[in-house]
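Novice: Take the sequence shown: its position 37, counted from the start at 1, is 42 in this note's numbering, and no numbers get skipped.
No residue lacks a Cβ here, since even glycine has one placed at the ideal position from N, Cα and C.
Every value quoted in this text rests on a predicted model; they were computed, and no experiment measured them.
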Amino acid sequence: MLRQSIIRAARPASFRTFATSSRFMAEGDLGAPKGQGDAFSKREKANEDYTIRMREKEKLLELKKKLAENQEHLKKLEAHIDEISKSQGGEQK
């Protein structure tokens, strides 16, 4: 312990040791390159893609429902406007 503290004190502050070996990862390791996925990562990606598609499908169905409701509302408003304009003499037959 004393020996290590003496060596540290004698070493300049700017002296640093760096590791020069590179890390090699196997195909199944976390952090492996994207193109080399194992079955688990492929299955996980497929599940995520499926979930995203289902959410988008639900959103699209909601938007279609709102569009249909708004179109129905517009038809009612047009019918009401026609009724008012006929009663005021705008379109007399």
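(1) Could you check the C-alpha separation between A51 and M59 for me, to the nearest Å?
(2) In whole angstroms, what separates the C-alpha of K81 from that of N75?
(3) Work out the CA separation of E77 and E88 for me, nearest whole Å.
Specialist: The structure says:
(1) For the purposes of this step, residue 51 is taken as residue 46 along the sequence shown, with counting starting at 1. For the purposes of this step, residue 59 is taken as residue 54 along the sequence shown, with counting starting at 1. C-alpha separation (whole angstroms): 12 Å.
(2) Indexing the sequence shown from 1 puts residue 81 at position 76. Indexing the sequence shown from 1 puts residue 75 at position 70. Whole-angstrom Cα-Cα distance: 10 Å.
(3) Counting from 1 along the sequence shown, the entry for residue 88 is found at position 83. Counting from 1 along the sequence shown, the entry for residue 77 is found at position 72. About 17 Å.
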